[in-house]
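Enquirer: Quick one: the structure is below, and I'll ask about it shortly.
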Amino acid sequence: MKKQSNLSRLLQIAGNHKYLTYASWTLSTISAFLALVPFYYIWQVMQEVLAVAPDFSRAQNLTHNGYMAVLFAVIAMLIYIAGLMCSHLGAFRIATNLRIQTIEHIVKLPLGFAESFGSGRLRKIVNESSAATETYLAHQLPDRANAIATPCGLFVLLLVFDWRLGLLSLVPVVLGFLIMMTMTGQRMQEKMKEYQNALDDMSNEAVEYVRGIPVVKTFGQTIFSFKKFKDSIDRYKVWVIAYTKELRTPMMFYTAAINGVFAALIAGALIFTGGGVTKDFLLDLMFYIIITPIISVTLTRIMFQSENAMIVDDALQRIDSVLNLQPLAEPEKGEHTKDASVQLNHVHFSYDGKNKVIKDISLSIPAGQTVAFVGPSGGGKTTLANLICRFFDPQDGQVKIGGVDVKNIAKEELMNTISFVFQNSRLIKASILENVRMGKPDATREEIMAALHNAQCDDILEKLPRGADTVIGTKGVYLSGGEQQRIAIARVMLKNAPIVILDEATAFADPDNESRVQAAFSKLSEGKTVIMIAHRLSTVAGVDQIYVIEDGQITESGKSRELLEKGGVFSRMWQDYQTSVQWKVAKEVQ
Amino acid sequence: MIKWLQKRYALSEQGAKDLVKGCLACVLQNLSFMFPVGLLYFLVGDLMNGGVPSEKIAFYIVGCAVCIGLILFTTYIQYNATYFATYTESGVRRITLAERLRKIPLSFFGKKDLADLTSTIMADCTFLEQSFSHFIPELAGSIISTVLISISLLVFDWRMALAALWVLPVAFAIVGFSAKVQERLNQKAMDVKIACADGIQECIETVRDLKSNNAEQEYLKGLEKKIRAVEQRSILNEFGLAAFVVSASLILKLGIATVALVGSVLLIGGSLDVLTFFMFLLVVSRLYDPLQGALQNLAAVISTRTNIARMNEILDHPIQQGENKLSNKGYDITFDHVGFAYNTGETILKDVSFTAKQGEVTALVGPSGGGKTTVSRLAARFWDVSQGKISIGGMDISKIDPETLLSLFSIVFQDVTLFDNTILENIRIGNQQATDEQVLAAAKLANVDGFAEKLPEGWHTNIGENGCELSGGERQRISIARAFLKNAPIILLDEATASLDVENETLIQTALSRLIADKTVLVIAHRMRTIAGADKIVVLSQGTVAEEGAPKTLLEQNGLYARMVRLQKESQNWKLA
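Read top to bottom, the protein sequences are chains A and B.
Residue numbers are given in my numbering: position 28 of the first sequence equals residue 152, and the series is strictly consecutive.
Residue numbers are given in my numbering: position 223 of the second sequence equals residue 1081, and the series is strictly consecutive.
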């Protein structure tokens, strides 16, 4: 049932290429039948040989039949290959479509998703899980068609020539089949799952082991962590060997059965020739002796199928774990914002549906004002900013920009209204020019250069070999975090949106960069509605409104002076801040 | 031969021997499949002479039983020789790799996709399991048994044998030639595939920036091209490869036909008897199929080379060695004209000399890319210097085993690695012998109790893979707690408090001040004020020591350091208005 649905899903993804996949099955089936035809001609050869013996000069058609056998063998082969080509074209297209479909879906998902999922893992799902379907579609399905058609054709042939011998030679085959069923049954499925789990466990241990080496090494404990990893390797080894031992006996008897057709034929010959040997019987027997080895080949081919169907199942499950996530709903008809004000009404939010990160926050920022979110890390500052530009939707309450619920603003317009300067802005592997142009696709070179200048990027351009045309991420071109951030600011400047959200985090920037980034911030904020996530309390002294956010709630708000006078959370933070600012690395005086 | 196999397939000695055994077992099994042909030959011969004489019936029955017994027996041998040996060897291989990884210089672990690399290697091991249990022995087995059968055919009737066997060398030549072409095609396909994978990764990593600039559709268009290019390449590859496989298989098929043809001619000419003719048809119909099956796995056998190359990259990576006995007197760290580069052709450090004295705080400052982090990691022998010498208390660190050397260091990195274990155990990494009380004391110093006690199971809460449940500040606190617990004589702090919020920063700073008393302390800091109280400042710029001295002296010199302090004061007072 499950496999069927997997397959039909894959075919649906194939689009028009699914006909290629169908064609491959048809061709594969045809070739399976055609591949039996040469045996017919060989039978003819033998018939003639026996008929004319011992005077072989009377044989007229020997060479003709020989050629026909060759001809059909070649045709069958060519058709089979044509089928494989079709299946490959189909399989490659399915992998391509899967990749495109998944990555497009990922782009539509709420933004925090990629981070919580892990970018490496996501890439694997998009890239490798899609590829995992290839072998299955390209080789296994046509082979299966072939493997089903061959026994059918064979069955007919076996019964047509001498049904008694035919039935007899099927006995070991049925026996082999039954043994195979015991191997691939329900229990086997469970075992395969266990195997996969043992493998996954070991793989996870390995990742943790390697990732941990720098740490355990600095603490002189590699023996300890090595032992843990070694245990998982040994566990796996013991499991696999026990498992293969279990399969040994059925495997032996299966092999003996499908290769034991000769015994059935000998038995048949001994039984049926009691009353003398006819030429026809001899001929049929010889034919059966030649043709039956195909059985073992075909059966062995079916043997190794189930394993790969499971790989596909697993790959599709992984892909579905991404595709089943709901993207944010786009409004059908976008409404337009009236101004650059921001309003939150009783907003509640939780990432996982359990722990509330934002609890009933309401605030209103008039257009043109500068406000700051301050508070301990993990308090919800960044989440709040993310909700404002609709990187997520709140479970409850409303976020309004210019009087309109963000859910009703077209995504494109919303993004044109809000600029976000992230803590760790990322650039793409393209020239600096292209990276900045992203902010405004139709910008001229002059506009971009002006934005770069305003974002204090002149020193970056100077040190690069090809200035603004230097491609980032190529050999030797490396920009520090602070430098990348300035380029991201240039991008935002070019975009010139009326609302700016700044995530101020300059902890890792060196002093040179830091002061430049700040100057760029100042330029960027001119005449805009600014929401700043402030990590340094000194920064917020002059803003219009400070919101202290703790534990998902606004605990205090007001101007810096008011809050200091009030002597609440903010003033305590301020004191802490002053102490830490004055801290110096030095030995404690004892 | 064993030696050669060991090297070529990255095997242990036992593994190489087992591989040979596995191949021989496959030969035996293939031969056992051929024994019944003899019986059938006699049977047909008897029938042609009018029937099986009654006294020979027993012979046939016993013959059948013996043949089936042989098949069972050889399958048993083959099964043991391939599967068991392979899984045992696989365990050995994984452990060897793990052992090696443990000894590779820490610098190796700075590479980004380490987790990726590891899973690839683990997958490689699994793939090799399959190669060694199926593909290689089956291929070798079928080749050897085919040769043996061919020789006996030649003895039987050389003309018919030639008609049956001429296809073999031709098919093999084609396949051998295809291996070369395949390698070249693969290389090209690999480039396209890497571009596609990189594109996907970049898209996922930058999706936030793309979306907030309405640039995602544009980007996806470019990515789609890369994805389609992979499809194009794969098609080309497949067709190129198919051309060879097809011709090889076609030629194998021709074998049966030429036997029929030549046989007919010889029969007509009267120089061949029917029984021999029949026997050749019989053997030939069984000869090619196993071989063709083995050839289909040839691609897999060829690609084991790539897997093994990847593994050898780790196995052949030079390891750092040294004595296990420390001979240092005191804990002064001295850099003596040290030069260093990660890759040939570039220079990170040109000529760095300074001393970090025991009982003093030495701060490394300078613009990013100036080599601060490199210097601190060289001191702990994450890499070996390319020029000059680093010594601790007069002991050349390049002569000391890295793990022994590291026992002298407590290091707090910017990036923190955590384990899928409880908070308590994650801190205990700092000192495995520590009692729960000692661990808790260290944890309190680093203010871990601030969040640990709020967790559902407190100190015994499992923190998930690489501590994914914890925030940056929380992770850093655990890392500092480890350093407290280890309490080594030399302390390296690399922006140790950067990702903490103010409240925690203050608390931890106090604790740090306590930790570093009487020790050799090397600090990397971006915040000038943090290090204003250091005993000595070393300003690194463009790979050399630009300035060196007490903070006060340097301020008076009015050079780089003074400028950085000034700039930072300005940004300290910056206000968004």
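The beta-carbon is built from N, C-alpha and C at its ideal position, and this holds for glycine as well.
This one's a predicted model, so the numbers in the text were calculated from it and none came from an experiment.
1. On the premise that Leu-1145 of chain B lies in contact with Thr-1004 of chain B, defined as a C-beta separation below 8 angstroms, what is that separation, rounded to the nearest angstrom?
2. Cβ closer than 7 angstroms: which chain A residues qualify as neighbours of Gln-1059 of chain B?
3. Contact between the segment 893-903 of chain B and the segment 920-932 of chain B: three or more CB pairs below 8 angstroms?
4. Measuring alpha carbon to alpha carbon, tell me which of B:Gly-1121, B:Arg-1424, B:Ala-1346, B:Ser-1337 ends up nearest Arg-638 of chain A.
5. If you compare alpha carbons, which of A:Ala-156, A:Lys-142, A:Met-170 is closest to Leu-202 of chain A?
6. With a threshold of 8 angstroms between beta carbons, is Asn-1170 of chain B in contact with chain A?
7. Are the beta-carbon atoms of Thr-447 of chain A and Thr-257 of chain A separated by less than 8 angstroms?
8. With 16 other CB atoms within 10 Å as the buried threshold, where does Leu-1385 of chain B fall?
9. Can you pull the chain B neighbours of Ala-612 of chain A, defined as C-beta to C-beta under 9 angstroms?
10. Taking the alpha-carbon of Val-1306 of chain B as reference, which of B:Pro-1260, B:Ile-1366, B:Gln-1272 has the nearest alpha-carbon?
11. Taking the runs of the alpha helix (DSSP H) that are 4 residues or longer, which of them lie wholly in the segment 556-583 of chain A?
12. My guess is that Arg-958 of chain B and Ile-1172 of chain B are in contact by the Cβ rule of under 8 angstroms, so how many angstroms apart are they, rounded?
13. Does chain B have any CB closer than 8 angstroms to the CB of Glu-536 of chain A?
14. Within 8 angstroms, do at least three Cβ pairs link the segment 981-998 of chain B to the segment 1262-1278 of chain B?
15. Can you list the beta strand (DSSP E) stretches of 3 or more residues lying completely in the segment 1163-1221 of chain B, in chain order?
16. Given that Val-715 of chain A touches chain B, what residues does it touch there, using C-beta distances under 7 angstroms?
17. So that I know if they touch, is there some Cβ in chain B lying closer than 8 angstroms to that of Glu-332 of chain A?
18. Taking 8 angstroms as the cut-off, does the segment 1371-1391 of chain B touch the segment 1228-1236 of chain B (at least 3 CB pairs, one atom from each stretch)?
19. Between Phe-1102 of chain B and Ile-1032 of chain B, is the Cβ-Cβ spacing less than 8 angstroms?
20. Report the residue ranges of all alpha helix (DSSP H) runs contained in full by the segment 262-289 of chain A; include only those spanning at least 4 residues, in chain order.
21. Do Asp-1352 of chain B and Val-1270 of chain B count as a contact pair if the criterion is CB distance below 8 angstroms?
22. Would you tell me roughly how many angstroms separate the C-alpha atoms of Glu-658 of chain A and Ala-496 of chain A, rounded to the nearest one?
23. Can you pull out the residues from the segment 345-375 of chain A whose beta carbon lies closer than 7 angstroms to at least one beta carbon of chain B?
24. Using a Cβ-Cβ cut-off of less than 7 angstroms, list which residues of the segment 1137-1149 of chain B approach chain A; keep chain order.
25. For Glu-628 of chain A, which three-state DSSP category applies?
26. Run the CB neighbour count on Phe-966 of chain B, radius 10 Å, all protein chains shown included, and call it buried at 16 or more, exposed below.
27. Using beta-carbon positions only, say whether Phe-196 of chain A and Leu-151 of chain A come within less than 8 angstroms of one another.
28. May I ask you to list the residues that DSSP assigns as paired with Gln-669 of chain A?
29. Can you determine whether any heavy atom of the ligand MN sits closer than 7 angstroms to the C-beta of Met-1169 of chain B, and answer yes or no?
30. Within this structure, are the beta carbons of Trp-1317 of chain B and Gln-642 of chain A separated by less than 8 angstroms?
31. Using a Cβ-Cβ distance cut-off of 8 angstroms, determine whether Gly-526 of chain A contacts chain B.
32. Does the beta-carbon of Ile-1052 of chain B have 16 or more other beta-carbons within 10 angstroms, so that it is buried, or is it exposed?
33. Taking the CB atoms as reference points, tell me whether Ile-979 of chain B and Ile-1177 of chain B lie closer together than 8 angstroms.
34. From this set, B:Val-902, B:Asp-876, B:Gln-1150, B:Phe-1342, which residue's C-alpha is nearest Ile-1109 of chain B's C-alpha?
35. How is Met-1253 of chain B classed by DSSP in three states: helix, strand or coil?
36. Taking C-beta pairs closer than 7 angstroms, name the residues in chain B that Gly-400 of chain A reaches, listed in chain order.
Expert: In short:
1. 7 angstroms
2. Ser-243, Arg-247
3. yes
4. First, the amino acid is wrong: residue 638 of chain A is Glu here, not Arg. When each option's Cα is compared against that of Glu-638 of chain A, the closest is B:Arg-1424.
5. A:Ala-156
6. no
7. A small fix is needed here, since residue 447 of chain A is Leu in this sequence, not Thr. Not a contact, by the Cβ cut-off of 8 angstroms.
8. Correcting the residue identity first, residue 1385 of chain B is Arg in this sequence and not Leu. It is buried - the Cβ of Arg-1385 of chain B has at least 16 other Cβ atoms within 10 Å.
9. Asp-1067
10. B:Ile-1366
11. 556-561, 569-578
12. 6 angstroms
13. yes
14. no
15. 1191-1198, 1207-1214
16. Outside the shown range of chain A, which is 125 to 714, sits residue 715 of chain A, and nothing can be said about it.
17. yes
18. yes
19. yes
20. 265-285
21. yes
22. The sequence shown places Ala at residue 658 of chain A, not Glu. If you take the alpha carbons of Ala-658 of chain A and Ala-496 of chain A, they lie about 6 angstroms apart.
23. Gln-345, Thr-346, Phe-348, Phe-350, Phe-353, Lys-354, Ile-357, Asp-358, Lys-361, Val-364, Ile-365, Thr-368, Arg-372, Met-375
24. Leu-1139, Leu-1140, Ser-1143, Arg-1144, Asp-1147
25. coil
26. buried
27. no
28. A:Val-495
29. By its list of ligands, the structure shown contains no ligand whatsoever, and the ligand MN lies outside what it can speak to.
30. no
31. no
32. exposed
33. no
34. B:Gln-1150
35. strand
36. Gly-909
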